[in-house]
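Using our numbering, read the sequence shown as starting at 35 and increasing by one per residue. All residues carry an ideal CB built from backbone N, CA and C; glycine is no exception. It should be emphasised that the depicted structure is a prediction, and the values quoted were computed from it without experimental measurement. This report refers to the structure that appears directly beneath it.
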Amino acid sequence: MMKENKLRYHLENNLPTLSTRLWSTWPFYTEVVGSTHNFDYIEFVGEYAPFSQMDLENIARAAELHEMGTMIKLDLQNRGYVAQKAVGAGFQAIMFVDHVSVEQVKESVEMMKPKTPDGKGTFGYPNRRFIGTQSHIPAMEHAKRLEDVVLCFMIEKEEAVQNIDEICSVPGVDMIQFGPNDYCMSKGWNTVDHRDEFKAAERKCIEAAIAHGVRPRCEIVHPEDAQYYIELGVKDFSLGDQLAKLKAFWNGEGKTMREIVEGLK
């Protein structure tokens, strides 16, 4: 049974990572992704989908069966509570959204780090399952596994882009990801009308992250989209989104079949 944080292992060994995004809490989908042996971890988009604490445990169990890691994307307002519960359930990485200031980032990092003589965190030792049902291990081993949790921050507001160097300088920030839709909305733009501008902001964030030793993570729709980012120094990718792929099928093949059926009238 997996007992280490796979994402942390990849980061410490300068290895690339590949994930995909799931909306469903049904652990069967996590198992199906794992059975392909193509992905290092799955990202559960908890910011978008309903879930229970037991759902999080079941997703983590399913991923561990296939030696996959897990990341959860969660809301800003209740982030501390949900992030700690997700880690206790076995999730190995947290994606924080909507942060705009260094102070917000520091607060989130503090909530996820252990309370030790050398540390400045506040996370204690709740008896949960964690990775591989390790609910009872020596206290300092527990502190180490909390230190291993990968912390990723969405840079998706105009203020966050302006503060990108300061954010990437905060100890404990492991990854960042640029969010074009929220960024454009914060600027009063429609994304489709300002592609050049948001791509420039994205490049700024990627360059800043690499300069500070932080891993920039990028979402792509097709494998051929990766080369642009690889040339910028990116090694961490999220390929595809469960809902987006289903919508593309329903709107594409579904429309074609609707036209065939209409032709039978």
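Unbroken alpha helix (DSSP H) run spanning D259, endpoints: Here D259 belongs to no alpha helix (DSSP H), and DSSP marks it neither H nor E.
Assumed close pair A97, I76 - CB separation to whole angstroms, cut-off 8 Å: 6 Å
First through last residue of the alpha helix (DSSP H) which encompasses R42: K40 to E46
Runs of beta strand (DSSP E) lying entirely within the region 226 to 287, each at least 3 residues, in chain order: 249 to 254 and 270 to 275
Those residues which DSSP pairs with S53 across a bridge: Y75 and S272
Exposure of G122, with buried meaning 16 or more beta-carbon neighbours within 10 Å: buried
P172 to T51 span [Cα, whole Å]: 30 Å
Q111 and M145 closer than 8 Å at C-beta: no
Identity of the residues DSSP links to V304 by a beta bridge: A query on residue 304 cannot be resolved here, the shown segment of the chain reaching from 35 to 299 and no further.
Contact under 8 Å by Cβ, D109 with E141: no
Coil, strand or helix - I189 by DSSP: strand
Host alpha helix (DSSP H) of L110 (start-end): Neither: L110 is in no alpha helix (DSSP H) and is coded neither H nor E.
Beta-carbon separation (whole angstroms), C252 vs I198, contact threshold 8 Å: Not quite, the Cβ-Cβ distance comes to about 15 Å (not below 8 Å), so this is no contact.
Backbone secondary structure at Q168 - three-state DSSP: coil
Assigned exposure category for M10 - 16 Cβ within 10 Å defines buried: Here the chain comprises residues numbered 35 to 299, so residue 10 is not present and cannot be evaluated.
Bridge partners - M9, DSSP secondary structure assignment: Look at the range of the chain in this structure, 35 to 299, and you will see that residue 9 is not part of it.
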